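**Q** Structure provided below as structure tokens; questions to follow.
There are 2 protein chains.
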Amino acid sequence: MNPSDWFTEELPGADSAFSLKIKKKLHGEQSAFQFLEIYETEGFGNLMVIDGCTMVSTRDNFFYHEMISHPALFTHPEPKRVWIIGGGDCGTLKEVLKHSSIEQAIQIDIDERVTRLAEIYFPELCESNSDPRAELKFIDGIKWVKDAEPNSVDIIIVDSTDPVGPAEGLFSKAFYQDCFNCLTEHGMVVQQSESALLHLKLIGEMRDAMSSAGLGYLQTLFFPQCIYPSGWWSATIASKSSLANFRELDAANKPFDTRYYNADIHKAALAQPEFFKKAFSL
Amino acid sequence: MNPSDWFTEELPGADSAFSLKIKKKLHGEQSAFQFLEIYETEGFGNLMVIDGCTMVSTRDNFFYHEMISHPALFTHPEPKRVWIIGGGDCGTLKEVLKHSSIEQAIQIDIDERVTRLAEIYFPELCESNSDPRAELKFIDGIKWVKDAEPNSVDIIIVDSTDPVGPAEGLFSKAFYQDCFNCLTEHGMVVQQSESALLHLKLIGEMRDAMSSAGLGYLQTLFFPQCIYPSGWWSATIASKSSLANFRELDAANKPFDTRYYNADIHKAALAQPEFFKKAFSL
Numbered sequence: 008m009n010p011s012d013w014f015t016e017e018l019p020g021a022d023s024a025f026s027l028k029i030k031k032k033l034h035g036e037q038s039a040f041q042f043l044e045i046y047e048t049e050g051f052g053n054l055m056v057i058d059g060c061t062m063v064s065t066r067d068n069f070f071y072h073e074m075i076s077h078p079a080l081f082t083h084p085e086p087k088r089v090w091i092i093g094g095g096d097c098g099t100l101k102e103v104l105k106h107s108s109i110e111q112a113i114q115i116d117i118d119e120r121v122t123r124l125a126e127i128y129f130p131e132l133c134e135s136n137s138d139p140r141a142e143l144k145f146i147d148g149i150k151w152v153k154d155a156e157p158n159s160v161d162i163i164i165v166d167s168t169d170p171v172g173p174a175e176g177l178f179s180k181a182f183y184q185d186c187f188n189c190l191t192e193h194g195m196v197v198q199q200s201e202s203a204l205l206h207l208k209l210i211g212e213m214r215d216a217m218s219s220a221g222l223g224y225l226q227t228l229f230f231p232q233c234i235y236p237s238g239w240w241s242a243t244i245a246s247k248s249s250l251a252n253f254r255e256l257d258a259a260n261k262p263f264d265t266r267y268y269n270a271d272i273h274k275a276a277l278a279q280p281e282f283f284k285k286a287f288s289l
Numbered sequence: 008m009n010p011s012d013w014f015t016e017e018l019p020g021a022d023s024a025f026s027l028k029i030k031k032k033l034h035g036e037q038s039a040f041q042f043l044e045i046y047e048t049e050g051f052g053n054l055m056v057i058d059g060c061t062m063v064s065t066r067d068n069f070f071y072h073e074m075i076s077h078p079a080l081f082t083h084p085e086p087k088r089v090w091i092i093g094g095g096d097c098g099t100l101k102e103v104l105k106h107s108s109i110e111q112a113i114q115i116d117i118d119e120r121v122t123r124l125a126e127i128y129f130p131e132l133c134e135s136n137s138d139p140r141a142e143l144k145f146i147d148g149i150k151w152v153k154d155a156e157p158n159s160v161d162i163i164i165v166d167s168t169d170p171v172g173p174a175e176g177l178f179s180k181a182f183y184q185d186c187f188n189c190l191t192e193h194g195m196v197v198q199q200s201e202s203a204l205l206h207l208k209l210i211g212e213m214r215d216a217m218s219s220a221g222l223g224y225l226q227t228l229f230f231p232q233c234i235y236p237s238g239w240w241s242a243t244i245a246s247k248s249s250l251a252n253f254r255e256l257d258a259a260n261k262p263f264d265t266r267y268y269n270a271d272i273h274k275a276a277l278a279q280p281e282f283f284k285k286a287f288s289l
């Protein structure tokens, strides 16, 4: 293995590493917030890296983008207004806008450069950016939520980087309280929640913070994500009201294409592994 | 990344690589069949490597061993006789023997050295080797199945290495025909079937070979397996009769512990991703 031919992300906590073979480096810059790199890989299409962590590849981003959006959108009775905190690659925005009930989807990523690079290197993720229902803001998502009016949003999707650096505040009780305050009656937060194999403690702290902020109905979903640590990722939905009403018929008859998500996969993602149930007394 | 501190498996087809940081190399030998290595890792316990491919780690083997055994065993109406082809680390044997209906479980691995090393470096996987129902044979599993009497086994679990080298014949129509001939009425084969993200063509060829050998009822199950390519693995159950009768109540009330598997996870593993359904017209 000649290191110069590969991009490698080392995971210090787990003492493992994941590498993608690269054809060439397409771009590198220090933005106002983080270090951004784009590679052309041999087998995974283009790859965006933020502060040394793999963020999105052409080949496998569909798992993550579909699973952080459709389960929540098909659980809420009628989602009209969605905010995406982070999500600068625009892949989540594209999935959200596939739902015809959506009247407004606002993407709030602090770093405009992520989106500008996505437009160049992941144009397929940015296909819906000019949808009249879409709005892109490049401001602090934590402040946006804090300043928001009550009753102003149905679903807040936290499509963030890992809880270090700019995204740290997105995993806190204070942030979830602010979310609680601006969510509508059946409102919910969806948070990308790392790997249950590697980050169980973090997931527990996040679930506690959500509950204590009044978002007491929780669902953690599990799905593959090859380029993320352990290859097995999760998202957690937190709501002020019951999450039991999955609109299964709507999901089964969805009028749009997906590559991973379907009604069966939705229910499957909610199955809780034995060690996870024991860890959280589920 | 100092290469000498890491064990790295490169996956040429997918142009990705997975690495585990090592404390030290505990063992290395060329057996009569393959090159065997054992490492002590920083974060994953011990690691067995065969011909350069990660096989089993202390930390995450439970996903694979539970998912290659319990779904089939809780689908068969009353499994009494099980053969494990390969499986020399004995982890699958241990899971099979948790089922009280089992009268005989024979592990047939061509390479005795795999088991001898597992006894030293993965003793927890070998805990049931002295169970009176267990039998360990170190002979060619393909020949064993070919020479077997009709009606002599309920479940054949093919817990093999990748379909190159010694395990290549285990993915062939000829082998599945031999399985068909010695299986009982509700008999089934369970085959580890690689990654649906990386090896879809192989899975298709295997499913075709199974069907054309008379094992026409198929279920492909999906589960995480961090140290295997893409982190997302599969097993395929192939039977001569319907697989619809999951003994869900028995699984929900199983009198033994597992770490990943439970009745909900069983059903979840059977959910077919959208791209998989399309690939095989499911």
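Residue numbers (our numbering), protein chains in the order written: chain U, 8 to 289; chain B, 8 to 289.
Idealized CB from N, CA, C, for every residue including glycine.
Remember, predicted model here, so these are calculated numbers, not experimental data.
1. Can you tell which of B:SER248, B:LEU228 and B:GLY238 has its C-alpha closest to the C-alpha of HIS77 (chain B)?
2. At a CB-CB cut-off below 9 Å, which residues of chain U make contact with ASN269 (chain B)?
3. Quick check on the DSSP output: what are the complete beta strand (DSSP E) runs of length 3 or more inside the stretch 79–150 of chain U, in order along the chain?
4. Would you list the one or two residues that DSSP bridges to GLU17 (chain U)?
5. Just checking: is the beta-carbon of PHE263 (chain B) within a distance shorter than 8 Å of some beta-carbon in chain U?
6. Could you run through the stretch 221–241 of chain U and flag, in chain order, every residue whose CB is less than 7 Å away from some CB of chain B?
7. Please list the residues of the stretch 200–214 of chain B that have a C-beta atom closer than 7 Å to any C-beta atom in chain U, keeping them in chain order.
8. Taking only runs that begin and end inside the stretch 168–208 of chain U, name each unbroken beta strand (DSSP E) of 3 or more residues, in chain order.
9. Less than 8 Å between the beta carbons of ASP190 (chain B) and LYS150 (chain B), yes or no?
10. For GLY50 (chain U) and ASP22 (chain B), I'd like the C-alpha separation in whole angstroms.
11. Just the C-alpha distance for HIS273 (chain U) and PHE283 (chain B), rounded to the nearest angstrom, thanks.
12. Does the structure place the stretch 227–242 of chain B close enough to the stretch 231–248 of chain U that three or more beta carbon pairs sit under 8 Å?
13. Please name the residue, chosen from U:PRO170, U:PHE145, U:GLU175 and U:ASN188, that lies closest to GLU156 (chain U) on a Cα-to-Cα basis.
14. Can a CB atom of chain U be found closer than 8 Å to the CB of ASP58 (chain B)?
15. I need the DSSP call for SER35 (chain U), collapsed to helix, strand or coil.
16. Taking 8 Å as the CB-CB cut-off, is ASP67 (chain U) touching chain B?
17. Starting from the C-beta of GLU73 (chain U), find all residues in its chain whose C-beta is less than 8 Å away, skip the five residues before and the five after it, and write them out in chain order.
18. Contact criterion: CB-CB distance below 8 Å. Does SER23 (chain U) meet it with respect to chain B?
19. Between LEU80 (chain B) and MET213 (chain B), what straight-line distance do the alpha-carbon atoms span, to the nearest angstrom?
20. Under three-state DSSP, which class holds ASP166 (chain U)?
21. Run through chain B and tell me which residues come within less than 8 Å of ALA181 (chain U), C-beta to C-beta.
22. Along chain U, which residues have their Cβ under 9 Å away from the Cβ of ILE244 (chain B)?
23. Give me the Cβ distance between ILE113 (chain U) and PRO86 (chain U), rounded to the nearest whole Å; I'm assuming they're in contact under 8 Å.
24. Do LEU104 (chain U) and THR122 (chain U) have their C-beta atoms closer together than 8 Å?
25. Span of the alpha helix (DSSP H) holding ASN68 (chain B)?
26. If you follow the alpha helix (DSSP H) that LEU225 (chain B) is in, where does it begin and where does it stop?
27. Does DSSP put MET8 (chain B) in a helix, in a strand, or in coil?
28. On the criterion of 16 or more Cβ atoms from any shown chain inside 10 Å, does ASN260 (chain B) qualify as buried, or is it exposed?
29. Output the distance between the C-alpha atoms of MET8 (chain B) and GLU17 (chain U), rounded to the nearest integer angstrom.
30. Are the C-beta of PRO78 (chain B) and some C-beta of chain U separated by less than 8 Å?
31. In whole angstroms, what separates the C-alpha of GLU255 (chain U) from that of GLY94 (chain B)?
32. Have a look at B:HIS193, B:LEU209 and B:GLU192 and flag the residue whose alpha-carbon is nearest the alpha-carbon of GLN199 (chain B).
33. Let me check one thing: in DSSP terms, what residues is ILE57 (chain B) bridge-paired to?
34. Could you check what DSSP says for ASP161 (chain B) in three-state terms: helix, strand or coil?
35. For a contact meaning CB atoms closer than 7 Å, what does MET8 (chain B) contact in chain U?
36. How close, in whole Å, do the beta carbons of ARG88 (chain B) and VAL160 (chain B) come, if the pair is a contact with beta carbons under 8 Å?
**A** Put simply:
1. If we check each option's Cα against that of HIS77 (chain B), B:LEU228 comes out closest.
2. Near ASN269 (chain B) (Cβ distances below 9 Å), the residues of chain U are ALA278, GLN279, PRO280, GLU281 and LYS284.
3. Segments of the beta strand (DSSP E) lying fully in the stretch 79–150 of chain U: 88–93, 111–115 and 141–144.
4. GLU17 (chain U) is bridged to U:ALA24.
5. Among the residues facing chain U, PHE263 (chain B) is not included, as its CB has no counterpart in that chain under 8 Å away.
6. Close to chain B, meaning a Cβ-Cβ distance shorter than 7 Å, are the following residues of the stretch 221–241 of chain U: PRO231, CYS233, SER237, GLY238 and TRP239.
7. Those residues of the stretch 200–214 of chain B that come within reach of chain U (Cβ to Cβ, closer than 7 Å) are LEU204.
8. For the stretch 168–208 of chain U, whole beta strand (DSSP E) runs of length 3 or above, ordered along the chain, are 190–199.
9. Before going further, note that residue 190 (chain B) is Leu rather than Asp in the sequence given. Not closer than 8 Å, so no.
10. Distance between the alpha carbons of GLY50 (chain U) and ASP22 (chain B): 5 Å.
11. Going by C-alpha positions, HIS273 (chain U) is about 15 Å away from PHE283 (chain B).
12. Verdict: yes, contact present.
13. Measuring from the Cα of GLU156 (chain U), the nearest candidate turns out to be U:ASN188.
14. No, because no Cβ of chain U sits closer than 8 Å to the Cβ of ASP58 (chain B).
15. Sequence inspection shows Gly at residue 35 (chain U); the Ser mentioned does not correspond to that position. When DSSP states are grouped into helix, strand and coil, GLY35 (chain U) belongs to the strand group.
16. Flagged as an interface residue toward chain B: ASP67 (chain U), by a C-beta distance shorter than 8 Å.
17. GLU102, THR265, ARG266, TYR267 and TYR268, listed in sequence order.
18. At a cut-off of 8 Å between C-beta atoms, SER23 (chain U) counts as an interface residue with respect to chain B.
19. Between LEU80 (chain B) and MET213 (chain B), the alpha-carbon positions lie close to 21 Å from each other.
20. If DSSP states are grouped into helix, strand and coil, ASP166 (chain U) belongs with the strands.
21. Chain B residues near ALA181 (chain U): none, gap ~32 Å exceeds 8 Å.
22. Those do not exist, as ILE244 (chain B) stays about 16 Å from chain U at its closest Cβ, beyond 9 Å.
23. The pair is not a contact, with the Cβ atoms about 13 Å apart (cut-off 8 Å).
24. The Cβ atoms of LEU104 (chain U) and THR122 (chain U) do not sit closer than 8 Å to each other.
25. ASN68 (chain B) -> alpha helix (DSSP H) spans 68–74.
26. Counting along the chain, LEU225 (chain B) falls outside any alpha helix (DSSP H), though it belongs to the beta strand (DSSP E) covering 224–231.
27. Here MET8 (chain B) sits in coil by DSSP.
28. Here ASN260 (chain B) is exposed: its Cβ has fewer than 16 other Cβ atoms, across all protein chains shown, within 10 Å.
29. MET8 (chain B) and GLU17 (chain U) have their C-alpha atoms some 8 Å from each other.
30. Chain U contact via Cβ: absent.
31. For GLU255 (chain U) and GLY94 (chain B), the distance between alpha carbons rounds to 40 Å.
32. In terms of Cα proximity to GLN199 (chain B), the closest of B:HIS193, B:LEU209 and B:GLU192 is B:LEU209.
33. Under DSSP, ILE57 (chain B) shares a beta bridge with B:LEU43 and B:CYS60.
34. Three-state DSSP puts ASP161 (chain B) in a strand.
35. For MET8 (chain B), the chain U residues whose C-beta falls within less than 7 Å of its own C-beta are PRO10, THR15, GLU17 and ALA24, listed in chain order.
36. The pair is a contact, with the Cβ atoms about 5 Å apart (cut-off 8 Å).
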